[in-house]
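**Student:** Structure incoming, see below.
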Amino acid sequence: MINLKKDPITPEKLYFSRRKFLALVGSVGLSAALAACGVLPTPSGFAPSATSEPDTLTPYDTVTHYNNFYEFSLQKEDVADLATGMVTQPWPIEISGLVDHPQTIDVAELMKAYPAEERTYRLRCVEGWSMVIPWNGFPLHKLLADIGVQEGAQYVKFTSVNDPSHYPGQKDVFFPWPYTEGLRLDEAQHDLTLLATGLYGKALPPQDGAPIRLVVPWKYGFKSIKSIIKIELVTDQPATFWNTSAPNEYGFYSNVNPAVPHPRWSQATERRIGELGRRNTELFNGYANEVASLYTGMDLEKYY
Ligand SMILES: Nc1nc2c(c(=O)[nH]1)N[C@H]1C(S)=C(S)[C@@H](COP(=O)(O)O)O[C@H]1N2
Ligand SMILES: [Mo]
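Per the working numbering, the sequence shown runs over residues -12 to 291.
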């Protein structure tokens, strides 16, 4: 466990050597990857050579220079530069709606209340690429428990920054700013659902959603909303940025599912950034053991 306050700068090397150690003693990640390559069908047609390499961390430099953050730019390589100088302190977050203790609290206070854990997650973008990122943060359920979720709350709605004078991408009137996202309450309460405040043991860089962003590893990357300013407990399924922009392309659930193609792209395979071939995409991004029970009896093609 990494406490960001005590250890703000942990060299990447430490993570790589620790990773190697975990692999030697048989980490969950490694055994899961090996099991998967035993059961996956042989890639057909469009998949040149789906690799079954175990997960390795995506280098820090890649994680911080290949970003989707439309508030800044649609160009992934441009976001890091444009986000330099983003002011992330102070950063009050409004927590409201159907809660016992509505309040506005600064991220610094949240970080004191909930010491950061290290969680390495695969991130699968709907565009067909993926990364493996060591996040630091705390599970959302801890905050929800303390804030007191009231009877009747069924969804959690998240809202990002909203200020076209600071975020040039917000001048693009095509999009329904601010960026919003939502989770069903049980998804929000799942232990995998993280509020991330760091990566690689360092404070979250602006381009990755400083100072606090969501990470929901079994869903497409766009559910992992960056630079959150509001968390609301609501009764009705909230409108989301992508579902509002293109409802036929982006559903509310957005669970990673190789069997349900996006209208413009197959989702069967993915390119792990830094690798040559393509990998087979796994149902729920490989987290089925943990989350499949949330969707028992649901038609995943209808609720895409
Ligand atoms: N506010 C906001 N959050 C966002 C986005 C965005 O444009 N704005 N892009 C999403 C998409 S499409 C992806 S794939 C991930 C990318 O996170 P990363 O740049 O840290 O890898 O952030 C998600 N969160
Ligand atoms: Mo994405």
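Where is the CB? At the ideal position from N, CA and C, for every residue including glycine.
1. What do you reckon, is the C-beta of Ile199 under 7 Å from a heavy atom of ligand 1?
2. So Thr227 and Val203 are supposed to be a Cβ contact under 8 Å. How far apart are they, rounded?
3. Taking C-alpha atoms, which residue in Thr184, Phe271, Ser280, Gln157 lies nearest to Phe59?
4. Quick check on this structure: which residue in Glu236, Ser214, Gly169 has the alpha carbon closest to the alpha carbon of Gln224?
5. Put Phe59 into one of helix, strand or coil per three-state DSSP.
6. Using a threshold of 8 Å, state whether the C-beta atoms of Tyr101 and Lys144 are closer than that.
7. Just the C-alpha distance for Ile199 and Pro46, rounded to the nearest angstrom, thanks.
8. Give the DSSP bridge partners of Pro79, in chain order.
9. Using 10 angstroms around the beta-carbon of Tyr57, count the other beta-carbons present and answer buried if the total reaches 16, otherwise exposed.
10. Could you have a look at Ser211 and say whether DSSP puts it in helix, strand or coil?
11. For ligand 1, any of its heavy atoms closer than 7 Å to the Cβ of Ile212?
12. Over the uninterrupted beta strand (DSSP E) stretch that includes Val66, give me the two end residues.
13. On the three-state DSSP scale, how would you describe Ala34?
14. Taking 8 Å as the cut-off, decide whether the C-beta atoms of Arg106 and Trp122 are in contact.
15. Using alpha carbons as the reference points, say which of Pro126, Tyr108, Val113, Asp159 lies closest to Val119.
16. Hey, how far is the Cα of Lys63 from the Cα of Asn235?
17. Does the region 75 to 87 come close enough to the region 134 to 142 to have 3 or more Cβ pairs within less than 8 Å?
**Tutor:** Judging by the given coordinates:
1. For the purposes of this step, residue 199 is taken as residue 212 along the sequence shown, with counting starting at 1. Answer for Ile199: no, Cβ out of range of ligand 1.
2. Locating residue 227 in the sequence shown gives position 240, where the first residue counts as 1. Locating residue 203 in the sequence shown gives position 216, where the first residue counts as 1. Going by Cβ atoms, the distance from Thr227 to Val203 rounds to 12 Å, so no, they are not a contact pair.
3. Residue 59 sits at position 72 when you count from the first residue of the sequence shown. Among Thr184, Phe271, Ser280, Gln157, the Cα nearest to that of Phe59 belongs to Gln157.
4. The sequence position of residue 224 within the sequence shown is 237, counting from 1. The shortest C-alpha separation from Gln224 is found at Gly169.
5. For the purposes of this step, residue 59 is identified with residue 72 of the sequence shown, where counting begins at 1. Coil at Phe59, not helix or strand.
6. Against the sequence shown, residue 101 aligns to sequence position 114. Against the sequence shown, residue 144 aligns to sequence position 157. Cβ distance not < 8 Å, so Tyr101 and Lys144 don't count as in contact.
7. Along the sequence shown, one-based indexing puts residue 199 at 212. Along the sequence shown, one-based indexing puts residue 46 at 59. The alpha-carbon atoms of Ile199 and Pro46 are separated by roughly 21 Å.
8. In the sequence shown, the residue the question calls residue 79 occupies position 92. For Pro79, the beta-bridge partners assigned by DSSP are Asp93.
9. On the sequence shown, residue 57 is found 70 positions in, with the first residue counted as 1. Buried.
10. Position 224 of the sequence shown, counting from 1, holds the residue named residue 211. Ser211: coil per DSSP, three-state reduction.
11. Taking the first residue of the sequence shown as position 1, residue 212 is located at position 225. Yes.
12. Along the sequence shown, read from residue 1 onward, the residue named residue 66 stands at position 79. Taken as a continuous stretch (DSSP letters only), Val66 belongs to no beta strand (DSSP E), being part of the alpha helix (DSSP H) at 66 to 70.
13. Position 47 of the sequence shown, counting from 1, holds the residue named residue 34. Its pLDDT being 43, under 50, Ala34 is placed unreliably by the model, and the measurement read from it follows with that caveat. In the structure shown, Ala34 sits in coil (DSSP, three-state: anything other than H, G, I, E or B).
14. The sequence position of residue 106 within the sequence shown is 119, counting from 1. The sequence position of residue 122 within the sequence shown is 135, counting from 1. The answer is yes: Cβ separation under 8 Å.
15. As a position in the sequence shown, residue 119 is number 132, starting the count at 1. Looking at the Cα atoms, Tyr108 is the closest of the given residues.
16. For the purposes of this step, residue 63 is identified with residue 76 of the sequence shown, where counting begins at 1. For the purposes of this step, residue 235 is identified with residue 248 of the sequence shown, where counting begins at 1. Using only the alpha carbons, I get a separation of about 24 Å.
17. yes
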